[in-house]
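Participant: Note that the protein sequences, when read in sequence, are chains A, B and C. This note's numbering numbers the first residue of the first sequence as 1 and each following residue consecutively. This note's numbering numbers the first residue of the second sequence as 1001 and each following residue consecutively. This note's numbering numbers the first residue of the third sequence as 2001 and each following residue consecutively. Here a beta-carbon is modelled for each residue, glycine too, at the ideal position from N, C-alpha and C. Would you mind keeping the following structure in view while I ask a few things?
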Amino acid sequence: MAIRFSSTGLVVGEDTRFSLPAFVDAILRGVGQVMLMNNAWTGLLFLAGIFLNSALFGAAALLGTAVSTATALLLGADRASIRDGLFGFNGGLVAIALLYFLEPNPLTWGCVVFAAAGSTIVMAAMASLLDTWKVPALTAPFVFTSLCFFLATARFGRLETTNLLPTAGLPQTAAVEGVVTAATVGEGLFNGIAQVFFQGSLLTGIVFAIGLLVGSWRACVAALAGSLVGILVAWGMGAAEPAIRAGAFGFNSVLVAIAFGAVFLAPGRGATFAYALLATIATPVVFAAVSAALEPLGVPALTLPFVLVTWLFLFASQRFLGLSRAAAKDSPH
Amino acid sequence: MAIRFSSTGLVVGEDTRFSLPAFVDAILRGVGQVMLMNNAWTGLLFLAGIFLNSALFGAAALLGTAVSTATALLLGADRASIRDGLFGFNGGLVAIALLYFLEPNPLTWGCVVFAAAGSTIVMAAMASLLDTWKVPALTAPFVFTSLCFFLATARFGRLETTNLLPTAGLPQTAAVEGVVTAATVGEGLFNGIAQVFFQGSLLTGIVFAIGLLVGSWRACVAALAGSLVGILVAWGMGAAEPAIRAGAFGFNSVLVAIAFGAVFLAPGRGATFAYALLATIATPVVFAAVSAALEPLGVPALTLPFVLVTWLFLFASQRFLGLSRAAAKDSPH
Amino acid sequence: MAIRFSSTGLVVGEDTRFSLPAFVDAILRGVGQVMLMNNAWTGLLFLAGIFLNSALFGAAALLGTAVSTATALLLGADRASIRDGLFGFNGGLVAIALLYFLEPNPLTWGCVVFAAAGSTIVMAAMASLLDTWKVPALTAPFVFTSLCFFLATARFGRLETTNLLPTAGLPQTAAVEGVVTAATVGEGLFNGIAQVFFQGSLLTGIVFAIGLLVGSWRACVAALAGSLVGILVAWGMGAAEPAIRAGAFGFNSVLVAIAFGAVFLAPGRGATFAYALLATIATPVVFAAVSAALEPLGVPALTLPFVLVTWLFLFASQRFLGLSRAAAKDSPH
Chain A
1 MAIRFSSTGL VVGEDTRFSL PAFVDAILRG VGQVMLMNNA WTGLLFLAGI FLNSALFGAA
61 ALLGTAVSTA TALLLGADRA SIRDGLFGFN GGLVAIALLY FLEPNPLTWG CVVFAAAGST
121 IVMAAMASLL DTWKVPALTA PFVFTSLCFF LATARFGRLE TTNLLPTAGL PQTAAVEGVV
181 TAATVGEGLF NGIAQVFFQG SLLTGIVFAI GLLVGSWRAC VAALAGSLVG ILVAWGMGAA
241 EPAIRAGAFG FNSVLVAIAF GAVFLAPGRG ATFAYALLAT IATPVVFAAV SAALEPLGVP
301 ALTLPFVLVT WLFLFASQRF LGLSRAAAKD SPH
Chain B
1001 MAIRFSSTGL VVGEDTRFSL PAFVDAILRG VGQVMLMNNA WTGLLFLAGI FLNSALFGAA
1061 ALLGTAVSTA TALLLGADRA SIRDGLFGFN GGLVAIALLY FLEPNPLTWG CVVFAAAGST
1121 IVMAAMASLL DTWKVPALTA PFVFTSLCFF LATARFGRLE TTNLLPTAGL PQTAAVEGVV
1181 TAATVGEGLF NGIAQVFFQG SLLTGIVFAI GLLVGSWRAC VAALAGSLVG ILVAWGMGAA
1241 EPAIRAGAFG FNSVLVAIAF GAVFLAPGRG ATFAYALLAT IATPVVFAAV SAALEPLGVP
1301 ALTLPFVLVT WLFLFASQRF LGLSRAAAKD SPH
Chain C
2001 MAIRFSSTGL VVGEDTRFSL PAFVDAILRG VGQVMLMNNA WTGLLFLAGI FLNSALFGAA
2061 ALLGTAVSTA TALLLGADRA SIRDGLFGFN GGLVAIALLY FLEPNPLTWG CVVFAAAGST
2121 IVMAAMASLL DTWKVPALTA PFVFTSLCFF LATARFGRLE TTNLLPTAGL PQTAAVEGVV
2181 TAATVGEGLF NGIAQVFFQG SLLTGIVFAI GLLVGSWRAC VAALAGSLVG ILVAWGMGAA
2241 EPAIRAGAFG FNSVLVAIAF GAVFLAPGRG ATFAYALLAT IATPVVFAAV SAALEPLGVP
2301 ALTLPFVLVT WLFLFASQRF LGLSRAAAKD SPH
């Protein structure tokens, strides 16, 4: 059965390219694109990993990805991008984030739908903006849309928070807190991968890693290496042990490591490997900085550090002849 | 009589195109452009509305618009843009804003002149920057220039504030405050339009609406609808009643509704109407977010939410084939 | 003796263009480029001025400039830019800044090397970004890289600060503090120049001025005039006397005055002179604003005001026919 949008007057003609299976495929790829994987099976395993930990977040991920993908269809965005899930992943993340930080009442569910649709507008806007430099928007639409709603809780009395948002405060110099053990590293390793979808679960992290493996063994190795680098740098710099164990310093490094270890650079040369490593090492530092910079606003850093570091190293790579960039067809975004 | 800038050595040749009537026309259009209307009569009615409420702000609007327009002439900016008032409206708003938040002493008036001239530099800079995407600067030069002076009051002891600037604080979760009645909606509707020029006056709002009607009946309807949407969204989300009544959640929505209901999109199609509505609904949420984000700095959001939402939906519109953009000649900016 | 990077596999072929003397020349020019001077003698005098005040900062400047220049070589950046010191000056500044605000322990020295290398990535990224408008990155890479580490001290317990970072707080309206005397102006004049490199020393300021004179008499005059304008504007607006005396309102004005008085605009015409003066006058106001805006984060403004004002006036200059821009060959960046 073909989903026909022609009745709304938005999509004219006999456009049957978006059959229900095609729509489901786009949603699954959208979930996979959260970790830059254009692969429906990877997306399915990611969804399984989320549902294993929480049916609420699993449902949110599905709804958000579906709404943002459908919005892109209704507004007439590029079909190939929609099919690759590029208008889905930000909506999925926005939905999880809103339900993580806001009470799941009807108003919040309304905001989830509105914000998922809005993430498609932000995605299109950033694609227009960044097209000048052939750099992708990454999860910036998710970050901006989510932060907008979290900040708005300070003005809107009916937006009820789950009290998981950080308390607004003024940044203070940190002290070393707790002792890093093998358990910190072991749990942190998979929590770092699970936290990409806001899941604090070892098992979910392992299922996510399998999902990556199905899509690309390089991406799986890069994710684990990225999570480890995040832990080691945070440990070396004296970050708090509970945060390291929870994967807080890992999830952005996971994404940066996938981006430069498996997606945007061609493998094989020394300078390229060093470049990817440098980006991954920089990520926990940028995470610490962004997290502190947002402390007066009482909002989390989300994947903004991943976005900033990846943009930085992608923009810069255009100036470095010593690097081998991946062929365009390998870059899904 | 022709105003001749040739004596300053800045404008060479027998350039008599800027006669005094032409200069006055540019100023009136500049005042009109605050609500995206390239119409001298609209500008005149806006001025009348301001003077009705406050001679101080009326004089400030005239002075600021004149100074920023003259600066553009002296530096050799594009004549057509100057004639359309595009180098005037930010100066006019800067002048009102500075006199609203700073005591009207000689230093403040000096700052008004300097800031109005400066807003022309910011306008030219943003025009260069945004020309890459054919997106207008809107009131961003007004926002950045004004915020610069408000922030500087924390370092400059001789800049005396009127104590209307918000107190710097850390954002807290809001509670519902006050009860919205028919009076809230009725007053808020016109206050929302009046607040575009910092005027908290029902009568001024009505005169502004007439000014819009003279320029474009679509713009007038859009402004009223935008103000109403701002009130309804803020009410539904649980914003404080006094703020809704004062038009705080309305003035940005008014501008966004004019932008997408009467200026940048061609009317008539369902998707286009839905797009304009989505932008208008998003505006009070973005206003709440921007207002909260600026709370630690103790400065107001001004029309930054309008600028951000309009940029967002304009950038994005370039990716959506389902929308009908207005012909270039209809877009005054 | 030729430094050969070919052994690393990064620079292929018999590339002997970077002999040791060439590398030293690039480093000295890099130090000179901190004040936009592409001149090795100027750089040498700047280094002498720093060493006169502090061997630690002198060593840091050398190390940072060397590391960031070498990183650019290893990654294969444009040779001509490297030779002109354009990949050196941000690294030199980052190194001084980190050692000014962080205790000089092994971790900090490690961060200095990492941050200097990172500043080259930021430089390349900003060059790619800003190339669209032919506008230089200036010291933005230094500012962003340094702020990242200062902010991270709120999360990393092993990053020990020297307690010179401003305490995080909420901006309050300022009161006039202290009396400006001839000594304030005299000391502030040269401190303003010395503070470009974080040096609070009259003598260092004088040596810097001589260094500028060697590179360009215009730059020397502009620097002194810029420092004076910074002092006078800050005084007139009621800034605190100790800050004026320390050169806090001067160093950004010094850089802006050099940029528009000796580098980016061709001298000679009235409008051009007025434009440069307007930029220099705006700088202390922007400094006050940026400094207040960063107060909740507890980090200093560094040369961000210089970067913002210079970008603003450079972007804007493309729209003003009344200005005479310098020929491309005169613009070192």
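Nearest to Ala282 (chain A) by alpha carbon, out of C:Phe2101, C:Ser2119, C:Phe2046?
Facilitator: For the purposes of this step, residue 282 (chain A) is taken as residue 282 along the first sequence, with counting starting at 1. Closest by alpha carbon: C:Ser2119.
Participant: To the nearest angstrom, how far is the alpha carbon of Ser52 (chain A) from that of Thr204 (chain A)?
Facilitator: Your numbering for residue 52 (chain A) matches position 52 in the first sequence. Your numbering for residue 204 (chain A) matches position 204 in the first sequence. One detail in the question is off: residue 52 (chain A) reads as Leu in this sequence, not Ser. Going from the Cα of Leu52 (chain A) to the Cα of Thr204 (chain A) covers about 7 Å.
Participant: If we define contact as Cβ-Cβ less than 8 Å, is Gly2247 (chain C) a contact residue for chain B?
Facilitator: Numbered from its first residue, the third sequence carries residue 2247 (chain C) at position 247. It does not; no Cβ of chain B falls within 8 Å.
Participant: What is the residue span of the alpha helix (DSSP H) that Gln1033 (chain B) lies within?
Facilitator: The residue you call residue 1033 (chain B) lines up with position 33 of the second sequence. Its alpha helix (DSSP H) spans residues 1020-1033.
Participant: Classify Pro1267 (chain B) as buried or exposed, calling it buried when 16 or more other Cβ atoms lie within 10 Å of its own Cβ.
Facilitator: Locating residue 1267 (chain B) in the second sequence gives position 267, where the first residue counts as 1. Exposed, because fewer than 16 other Cβ atoms sit within 10 Å of the Cβ of Pro1267 (chain B).
Participant: Assuming contact is defined by CB atoms lying nearer than 8 Å, are Pro2300 (chain C) and Phe2287 (chain C) in contact in what I supplied?
Facilitator: Counting from one through the third sequence, the residue named residue 2300 (chain C) turns up at place 300. Counting from one through the third sequence, the residue named residue 2287 (chain C) turns up at place 287. Not in contact: Pro2300 (chain C) and Phe2287 (chain C) (Cβ atoms no closer than 8 Å).
Participant: How long is the line joining the alpha carbons of Phe2114 (chain C) and Gln172 (chain A), rounded to whole angstroms?
Facilitator: One-based indexing of the third sequence puts residue 2114 (chain C) at position 114. One-based indexing of the first sequence puts residue 172 (chain A) at position 172. Taking the straight line from one Cα to the other gives about 24 Å.
Participant: Can you check DSSP and say which residues form a bridge with Thr161 (chain A)?
Facilitator: Taking the first sequence and counting its residues from 1, the one referred to as residue 161 (chain A) is at position 161. Beta-bridge pairing links Thr161 (chain A) to A:Leu102.
Participant: Between which two residues does the alpha helix (DSSP H) holding Ala1060 (chain B) run?
Facilitator: Residue numbering aside, residue 1060 (chain B) sits at position 60 when the second sequence is read from its first letter. Segment 1055-1075, the alpha helix (DSSP H) holding Ala1060 (chain B).
Participant: Would you identify the three-state DSSP class for Leu1321 (chain B), choosing helix, strand or coil?
Facilitator: The residue you call residue 1321 (chain B) lines up with position 321 of the second sequence. It is coil, neither helix nor strand.
Participant: Could you have a look at Leu265 (chain A) and say whether DSSP puts it in helix, strand or coil?
Facilitator: Here residue 265 (chain A) refers to the residue found at position 265 of the first sequence. Three-state result, Leu265 (chain A): strand.
Participant: How many Å lie between Glu2160 (chain C) and Leu297 (chain A) at the Cα?
Facilitator: Counted from its first residue, the third sequence places residue 2160 (chain C) at position 160. Counted from its first residue, the first sequence places residue 297 (chain A) at position 297. The straight-line gap from Cα to Cα measures roughly 25 Å.
Participant: Determine, using beta carbons only, whether Gly91 (chain A) and Thr69 (chain A) come nearer to each other than 8 Å.
Facilitator: Stepping through the first sequence from its first residue, residue 91 (chain A) is reached at position 91. Stepping through the first sequence from its first residue, residue 69 (chain A) is reached at position 69. Yes.
Participant: Please report whether the beta-carbon of Thr2132 (chain C) lies at a distance below 8 Å from any beta-carbon of chain A.
Facilitator: On the third sequence, position 132 is the one that residue 2132 (chain C) refers to. Closer than 8 Å: yes.
Participant: Starting from Trp217 (chain A) and walking both ways along the alpha helix (DSSP H), at which residues does that stretch end?
Facilitator: Residue 217 (chain A) sits at position 217 when you count from the first residue of the first sequence. Element bounds for Trp217 (chain A): 217-237.
Participant: Would you kindly report the start and end of the unbroken alpha helix (DSSP H) that includes Ser2291 (chain C)?
Facilitator: As a working mapping, residue 2291 (chain C) is identified with position 291 in the third sequence. Ser2291 (chain C) -> alpha helix (DSSP H) spans 2270-2293.
Participant: Using the Cβ count rule (16 or more neighbours within 10 Å means buried), how would you classify Leu1020 (chain B)?
Facilitator: For the purposes of this step, residue 1020 (chain B) is identified with residue 20 of the second sequence, where counting begins at 1. Counting Cβ neighbours within 10 Å, Leu1020 (chain B) comes out exposed, since fewer than 16 surround it.
Participant: Could you pull out every residue in the same chain whose Cβ sits closer than 6 Å to the Cβ of Ile2195 (chain C), ignoring the five residues on either side in sequence?
Facilitator: Taking the first residue of the third sequence as position 1, residue 2195 (chain C) is located at position 195. Inspection of the sequence shows that residue 2195 (chain C) is occupied by Gln rather than by Ile. Closer than 6 Å at Cβ, skipping near neighbours: Gly2247, Phe2251.
Participant: Per DSSP, what kind of secondary structure is Asn1191 (chain B) in: helix, strand or coil?
Facilitator: Within the second sequence, the letter at position 191 stands for residue 1191 (chain B). In this structure, Asn1191 (chain B) counts as helix in the three-state DSSP scheme.
Participant: With respect to the alpha helix (DSSP H) encompassing Asn252 (chain A), which residues constitute its N-terminal and C-terminal limits?
Facilitator: On the first sequence, position 252 is the one that residue 252 (chain A) refers to. Element bounds for Asn252 (chain A): 251-258.
Participant: I need the DSSP call for Ala316 (chain A), collapsed to helix, strand or coil.
Facilitator: For the purposes of this step, residue 316 (chain A) is identified with residue 316 of the first sequence, where counting begins at 1. In this structure, Ala316 (chain A) counts as helix in the three-state DSSP scheme.
Participant: Which residue's Cα is closest to the Cα of Arg325 (chain A): A:Phe315, A:Phe264, A:Leu308?
Facilitator: Translated into the one-based positions of the first sequence, residue 325 (chain A) becomes position 325. Among A:Phe315, A:Phe264, A:Leu308, the Cα nearest to that of Arg325 (chain A) is on A:Phe264.
Participant: Note down, in chain order, all residues in the segment 149-174 of chain A with a beta-carbon under 8 Å from any beta-carbon belonging to chain C.
Facilitator: Those residues of the segment 149-174 of chain A that come within reach of chain C (Cβ to Cβ, closer than 8 Å) are Leu170, Pro171, Gln172, Thr173, Ala174.
Participant: Tell me which residues of the segment 299-322 of chain A have at least one Cβ-Cβ distance to chain C shorter than 7 Å, keeping chain order.
Facilitator: Going along the segment 299-322 of chain A in chain order, one finds Leu312, Phe313, Phe315, Ala316, Gln318, Arg319, Phe320, Leu321, Gly322 with a Cβ nearer than 7 Å to chain C.
Participant: Ordered along the chain, which non-local residues of its own chain (more than five positions away) have a Cβ less than 6 Å from that of Gly43 (chain A)?
Facilitator: Position 43 of the first sequence, counting from 1, holds the residue named residue 43 (chain A). Counting only Cβ-Cβ distances below 6 Å, and skipping sequence neighbours, we find Leu28, Arg29, Val31, Gly32.
Participant: Could you spell out where the alpha helix (DSSP H) holding Glu241 (chain A) opens and where it closes?
Facilitator: Sequence index remark: in the first sequence, residue 241 (chain A) carries index 241 (1-based). Looking at the DSSP string, the run of the alpha helix (DSSP H) that includes Glu241 (chain A) is 241-245.
Participant: Within this structure, are the beta carbons of Glu2177 (chain C) and Ala2240 (chain C) separated by less than 8 Å?
Facilitator: Stepping through the third sequence from its first residue, residue 2177 (chain C) is reached at position 177. Stepping through the third sequence from its first residue, residue 2240 (chain C) is reached at position 240. Cβ distance < 8 Å, so Glu2177 (chain C) and Ala2240 (chain C) count as in contact.
Participant: What is the DSSP secondary structure of Thr120 (chain A), reduced to helix, strand or coil?
Facilitator: As a position in the first sequence, residue 120 (chain A) is number 120, starting the count at 1. Residue state, collapsed to three classes: helix.
Participant: Got a sec, what are the start and stop residues for the alpha helix (DSSP H) Ala2175 (chain C) sits in?
Facilitator: Translated into the one-based positions of the third sequence, residue 2175 (chain C) becomes position 175. Segment: none, Ala2175 (chain C) is in no alpha helix (DSSP H) and carries neither H nor E.
Participant: Who are the Cβ neighbours of Val1256 (chain B) in its own chain at under 7 Å, not counting the five residues just before and after it?
Facilitator: Taking the first residue of the second sequence as position 1, residue 1256 (chain B) is located at position 256. These residues qualify, in order along the chain: Gly1226, Ala1279, Thr1280, Thr1283, Phe1306, Val1309, Thr1310.
Participant: Between Ala1259 (chain B) and chain A, is the shortest Cβ-Cβ distance under 8 Å, so that the two count as touching?
Facilitator: In the second sequence, counting from the first residue as 1, residue 1259 (chain B) sits at position 259. With 8 Å as the cut-off, Ala1259 (chain B) does not count as an interface residue toward chain A.
Participant: Using the rule of at least 16 other Cβ atoms within 10 Å of the residue's Cβ for burial, across every protein chain shown, is Leu2164 (chain C) buried or exposed?
Facilitator: As a working mapping, residue 2164 (chain C) is identified with position 164 in the third sequence. With fewer than 16 other Cβ atoms within 10 Å, it is exposed.
Participant: Checking contacts by CB at 8 Å: is Ala1127 (chain B) closer than that to chain E?
Facilitator: Chain labels in this structure do not include chain E; the protein chains are A, B and C.
Participant: Taking the alpha carbon of Val229 (chain A) as the reference point, which residue from A:Arg245, A:Val254, A:Ala243 has its own alpha carbon closest?
Facilitator: To locate residue 229 (chain A), count along the first sequence from 1; it is residue 229. It is A:Val254.
Participant: Residues in its own chain within less than 7 Å of Gly2322 (chain C) by CB, not counting five upstream and five downstream?
Facilitator: Numbered from 1 along the third sequence, position 322 holds the residue referred to as residue 2322 (chain C). Counting only Cβ-Cβ distances below 7 Å, and skipping sequence neighbours, we find Ala2271.
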